[in-house]
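These notes are about the structure you will find just below.
Residue numbers (full-length UniProt numbering): 1 to 216.
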(Lines of atoms letter the chains of each structure in order from A and count residues from 1; the text may use other names and numbers.)
(Lines give C-alpha, C1' and ligand atoms only; values in the text may rest on other atoms or scores of the structure.)
Protein backbone atom coordinates (compact mmCIF):
# COMPACT_ATOMS: atom_id res chain seq x y z
CA UNK A 1 0.00 0.00 0.00
CA UNK A 2 2.86 2.36 -0.70
CA UNK A 3 2.00 3.71 -4.15
CA UNK A 4 1.47 7.47 -4.09
CA UNK A 5 -0.27 9.29 -6.93
CA UNK A 6 -0.29 13.07 -7.10
CA UNK A 7 -2.49 14.97 -9.54
CA UNK A 8 -5.02 17.76 -9.76
CA UNK A 9 -8.52 16.85 -8.58
CA UNK A 10 -10.42 17.53 -11.79
CA UNK A 11 -13.33 15.18 -11.06
CA UNK A 12 -14.99 17.81 -8.88
CA UNK A 13 -16.09 19.49 -12.12
CA UNK A 14 -18.17 16.41 -12.96
CA UNK A 15 -20.27 16.60 -9.79
CA UNK A 16 -23.71 18.27 -9.76
CA UNK A 17 -23.44 22.04 -9.43
CA UNK A 18 -24.92 22.04 -5.92
CA UNK A 19 -22.40 19.42 -4.81
CA UNK A 20 -19.51 21.42 -6.28
CA UNK A 21 -20.68 24.56 -4.51
CA UNK A 22 -21.00 22.75 -1.18
CA UNK A 23 -17.58 21.10 -1.48
CA UNK A 24 -15.89 24.36 -2.41
CA UNK A 25 -17.63 26.07 0.51
CA UNK A 26 -16.37 23.40 2.92
CA UNK A 27 -12.85 23.54 1.49
CA UNK A 28 -12.91 27.32 1.81
CA UNK A 29 -13.86 27.07 5.49
CA UNK A 30 -11.03 24.61 6.10
CA UNK A 31 -8.52 26.95 4.46
CA UNK A 32 -9.78 29.83 6.62
CA UNK A 33 -8.97 27.66 9.63
CA UNK A 34 -5.46 27.13 8.21
CA UNK A 35 -6.22 23.50 7.33
CA UNK A 36 -4.38 22.61 4.13
CA UNK A 37 -4.83 18.82 4.09
CA UNK A 38 -7.79 16.47 4.45
CA UNK A 39 -7.20 12.72 4.71
CA UNK A 40 -10.04 10.26 4.10
CA UNK A 41 -9.71 6.59 5.06
CA UNK A 42 -12.00 4.25 3.08
CA UNK A 43 -12.89 1.01 4.89
CA UNK A 44 -15.40 -1.81 4.45
CA UNK A 45 -15.88 -5.41 3.46
CA UNK A 46 -14.87 -6.68 0.04
CA UNK A 47 -17.10 -6.24 -3.04
CA UNK A 48 -19.08 -3.37 -1.53
CA UNK A 49 -17.83 -0.71 -3.95
CA UNK A 50 -15.01 0.98 -2.03
CA UNK A 51 -12.72 1.41 -5.04
CA UNK A 52 -15.64 2.37 -7.29
CA UNK A 53 -16.56 5.04 -4.77
CA UNK A 54 -12.98 6.33 -4.78
CA UNK A 55 -13.01 6.26 -8.59
CA UNK A 56 -16.16 8.37 -8.57
CA UNK A 57 -14.65 10.88 -6.17
CA UNK A 58 -11.32 11.30 -7.94
CA UNK A 59 -12.59 10.69 -11.48
CA UNK A 60 -9.99 8.07 -12.32
CA UNK A 61 -9.75 4.30 -12.64
CA UNK A 62 -7.81 2.86 -9.73
CA UNK A 63 -5.48 0.11 -10.93
CA UNK A 64 -4.63 -1.16 -7.45
CA UNK A 65 -7.36 -1.26 -4.82
CA UNK A 66 -4.81 -0.68 -2.09
CA UNK A 67 -3.03 2.46 -3.27
CA UNK A 68 -2.50 5.68 -1.37
CA UNK A 69 -3.90 8.47 -3.53
CA UNK A 70 -3.06 12.14 -3.16
CA UNK A 71 -5.09 14.65 -5.14
CA UNK A 72 -4.88 18.43 -4.91
CA UNK A 73 -8.28 20.07 -4.65
CA UNK A 74 -6.91 23.49 -5.52
CA UNK A 75 -4.02 25.85 -4.83
CA UNK A 76 -2.76 25.28 -1.32
CA UNK A 77 -5.07 22.37 -0.44
CA UNK A 78 -4.45 18.61 -0.65
CA UNK A 79 -7.05 15.86 -0.48
CA UNK A 80 -5.67 12.44 0.50
CA UNK A 81 -7.80 9.35 -0.10
CA UNK A 82 -6.58 6.05 1.33
CA UNK A 83 -8.29 3.13 -0.42
CA UNK A 84 -7.90 -0.17 1.42
CA UNK A 85 -8.47 -3.89 0.74
CA UNK A 86 -11.64 -5.52 2.06
CA UNK A 87 -11.47 -6.31 5.77
CA UNK A 88 -13.08 -9.75 5.38
CA UNK A 89 -11.60 -13.01 4.13
CA UNK A 90 -13.97 -15.94 4.07
CA UNK A 91 -16.46 -15.46 6.87
CA UNK A 92 -14.17 -13.58 9.24
CA UNK A 93 -12.35 -10.29 9.65
CA UNK A 94 -8.81 -10.75 8.34
CA UNK A 95 -6.20 -10.01 10.99
CA UNK A 96 -3.56 -9.87 8.24
CA UNK A 97 -5.40 -7.15 6.30
CA UNK A 98 -6.22 -5.26 9.48
CA UNK A 99 -2.59 -5.24 10.64
CA UNK A 100 -1.37 -4.23 7.17
CA UNK A 101 -3.67 -1.22 7.19
CA UNK A 102 -2.63 -0.33 10.75
CA UNK A 103 1.06 -0.36 9.79
CA UNK A 104 0.40 1.80 6.76
CA UNK A 105 -1.46 4.36 8.87
CA UNK A 106 1.33 4.79 11.41
CA UNK A 107 2.12 8.50 11.86
CA UNK A 108 -0.82 9.48 9.61
CA UNK A 109 -3.71 11.60 10.83
CA UNK A 110 -7.15 10.49 9.64
CA UNK A 111 -9.70 13.28 9.32
CA UNK A 112 -12.62 11.28 7.91
CA UNK A 113 -13.59 7.60 8.00
CA UNK A 114 -15.67 6.70 4.95
CA UNK A 115 -17.29 3.35 5.75
CA UNK A 116 -18.75 1.78 2.61
CA UNK A 117 -21.48 -0.86 2.45
CA UNK A 118 -24.19 -1.92 0.01
CA UNK A 119 -27.75 -0.65 0.05
CA UNK A 120 -29.13 -3.68 -1.81
CA UNK A 121 -28.55 -6.14 1.05
CA UNK A 122 -31.62 -7.19 2.97
CA UNK A 123 -30.20 -7.79 6.43
CA UNK A 124 -27.25 -7.23 8.71
CA UNK A 125 -25.54 -10.18 10.37
CA UNK A 126 -22.81 -11.10 12.82
CA UNK A 127 -20.09 -10.37 10.25
CA UNK A 128 -21.20 -6.73 10.07
CA UNK A 129 -20.88 -6.55 13.85
CA UNK A 130 -17.39 -8.08 13.68
CA UNK A 131 -16.24 -5.53 11.10
CA UNK A 132 -17.52 -2.54 13.08
CA UNK A 133 -15.87 -3.79 16.27
CA UNK A 134 -12.62 -4.59 14.45
CA UNK A 135 -12.43 -1.01 13.19
CA UNK A 136 -13.00 0.31 16.71
CA UNK A 137 -10.39 -1.95 18.30
CA UNK A 138 -7.83 -1.40 15.52
CA UNK A 139 -8.14 2.36 15.11
CA UNK A 140 -9.82 3.41 18.40
CA UNK A 141 -13.39 4.38 19.15
CA UNK A 142 -12.64 7.97 18.15
CA UNK A 143 -12.39 7.09 14.45
CA UNK A 144 -16.13 6.40 14.33
CA UNK A 145 -16.75 9.94 15.54
CA UNK A 146 -15.18 10.98 12.24
CA UNK A 147 -17.32 8.48 10.37
CA UNK A 148 -19.53 8.86 7.33
CA UNK A 149 -21.41 5.80 6.05
CA UNK A 150 -21.80 5.57 2.26
CA UNK A 151 -24.16 3.06 0.65
CA UNK A 152 -23.49 1.79 -2.87
CA UNK A 153 -25.36 -0.46 -5.34
CA UNK A 154 -28.42 1.71 -4.89
CA UNK A 155 -29.77 1.29 -8.44
CA UNK A 156 -32.02 -1.69 -7.70
CA UNK A 157 -35.66 -2.64 -7.18
CA UNK A 158 -36.65 -3.35 -3.56
CA UNK A 159 -38.25 -6.67 -2.59
CA UNK A 160 -41.96 -7.15 -3.34
CA UNK A 161 -44.21 -5.12 -1.10
CA UNK A 162 -41.69 -2.38 -0.30
CA UNK A 163 -41.25 0.92 -2.05
CA UNK A 164 -37.81 2.46 -2.40
CA UNK A 165 -38.24 4.95 0.46
CA UNK A 166 -39.42 2.26 2.87
CA UNK A 167 -36.61 -0.14 2.02
CA UNK A 168 -34.06 2.68 2.19
CA UNK A 169 -35.21 3.64 5.69
CA UNK A 170 -35.22 0.06 6.97
CA UNK A 171 -31.80 -0.76 5.51
CA UNK A 172 -30.09 2.39 6.76
CA UNK A 173 -31.55 2.12 10.25
CA UNK A 174 -30.59 -1.55 10.66
CA UNK A 175 -27.04 -0.86 9.49
CA UNK A 176 -26.64 2.23 11.63
CA UNK A 177 -27.91 0.32 14.67
CA UNK A 178 -25.06 -2.17 14.21
CA UNK A 179 -22.55 0.67 13.76
CA UNK A 180 -23.76 2.47 16.89
CA UNK A 181 -23.75 -0.67 19.01
CA UNK A 182 -20.39 -1.91 17.75
CA UNK A 183 -18.64 1.43 18.03
CA UNK A 184 -20.38 2.42 21.28
CA UNK A 185 -21.12 5.94 20.13
CA UNK A 186 -24.39 7.83 19.91
CA UNK A 187 -26.60 8.25 16.87
CA UNK A 188 -25.79 11.93 16.45
CA UNK A 189 -22.04 11.27 16.31
CA UNK A 190 -22.09 9.58 12.89
CA UNK A 191 -22.81 11.82 9.93
CA UNK A 192 -24.23 9.15 7.68
CA UNK A 193 -27.20 10.91 6.12
CA UNK A 194 -24.98 13.46 4.35
CA UNK A 195 -23.68 10.86 1.92
CA UNK A 196 -26.64 8.50 1.86
CA UNK A 197 -29.26 11.11 1.05
CA UNK A 198 -27.00 12.69 -1.55
CA UNK A 199 -26.72 9.32 -3.29
CA UNK A 200 -30.45 8.73 -2.93
CA UNK A 201 -31.28 12.07 -4.55
CA UNK A 202 -28.75 11.41 -7.31
CA UNK A 203 -30.44 8.09 -8.11
CA UNK A 204 -33.90 9.64 -8.11
CA UNK A 205 -32.72 12.34 -10.49
CA UNK A 206 -31.20 9.71 -12.78
CA UNK A 207 -34.39 7.65 -12.70
CA UNK A 208 -36.46 10.70 -13.56
CA UNK A 209 -34.19 11.29 -16.56
CA UNK A 210 -34.41 7.57 -17.43
CA UNK A 211 -30.63 7.24 -17.41
CA UNK A 212 -28.19 5.08 -15.52
CA UNK A 213 -26.41 6.57 -12.51
CA UNK A 214 -23.28 8.40 -13.61
CA UNK A 215 -20.98 5.97 -11.81
CA UNK A 216 -22.14 3.12 -14.06
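Note that CB positions come from ideal geometry on N, CA and C, so glycine has one too.
{"Item": "Validate contact between the stretch 160 to 177 and the stretch 135 to 143 using beta carbons, cut 8 angstroms, 3 pairs", "Value": "no"}
{"Item": "8 angstroms Cβ shell around residue 122 - same chain, five flanking residues per side excluded", "Value": "159, 171"}
{"Item": "Cβ neighbour criterion (16 or more within 10 Å) applied to residue 125", "Value": "exposed"}
{"Item": "Distance CB(residue 178)-CB(residue 141) smaller than 8 angstroms", "Value": "no"}
{"Item": "Supposed close pair residue 86, residue 45 - CB separation, criterion 8 angstroms", "Value": "5 angstroms"}
{"Item": "Burial state of residue 24 (16 or more Cβ within 10 Å)", "Value": "exposed"}
{"Item": "Nearest-angstrom Cα separation, counted from residue 97 out to residue 88", "Value": "8 angstroms"}
{"Item": "Reduced DSSP secondary structure (H/G/I, E/B, other) of residue 80", "Value": "strand"}
{"Item": "Other residues of its chain near residue 49: CB distance less than 8 angstroms, five sequence neighbours each side excluded", "Value": "116, 118, 152, 153"}
{"Item": "Exposure of residue 156, with buried meaning 16 or more beta-carbon neighbours within 10 Å", "Value": "exposed"}
{"Item": "Residue 39 to residue 58 span [Cα, whole Å]", "Value": "13 angstroms"}
{"Item": "First and last residue of the uninterrupted beta strand (DSSP E) at residue 111", "Value": "Counting along the chain, residue 111 falls outside any beta strand (DSSP E), and DSSP gives it neither H nor E."}
{"Item": "Terminal residues of the beta strand (DSSP E) in which residue 44 lies", "Value": "37 to 44"}
{"Item": "Distance between beta carbons of residue 41 and residue 110, contact taken as under 8 angstroms", "Value": "5 angstroms"}
{"Item": "Cβ neighbours of residue 185 in the same chain (closer than 8 angstroms, five flanking residues each side left out)", "Value": "141, 144, 145"}
{"Item": "Short Cβ contact (8 angstroms threshold) for residue 149 with residue 93", "Value": "no"}
{"Item": "Candidates 37, 175, 9, 21: closest to residue 108 by CA position", "Value": "37"}
{"Item": "Outcome for residue 10 when other beta-carbon atoms lying within 10 angstroms are tallied against a minimum of 16", "Value": "exposed"}
{"Item": "For residue 58: DSSP bridge partner residues", "Value": "Answer is none; residue 58 lacks a bridge partner."}
{"Item": "Local Cβ density within 10 Å of residue 54, reported as buried at 16 or more and exposed below that", "Value": "buried"}
{"Item": "Residue 11 - partner residues in DSSP beta bridges", "Value": "The partner list for residue 11 (beta bridge, DSSP) is empty, contrary to what the question assumes."}
{"Item": "Endpoints, alpha helix (DSSP H) assigned at residue 185", "Value": "Residue 185 -> no alpha helix (DSSP H), and no H or E assigned at all."}
{"Item": "Residues of its chain near residue 223, where Cβ-Cβ distance is below 8 angstroms and the 5 sequence neighbours each way are ignored", "Value": "Since the displayed the chain opens at 1 and closes at 216, residue 223 lies outside it and no answer follows."}
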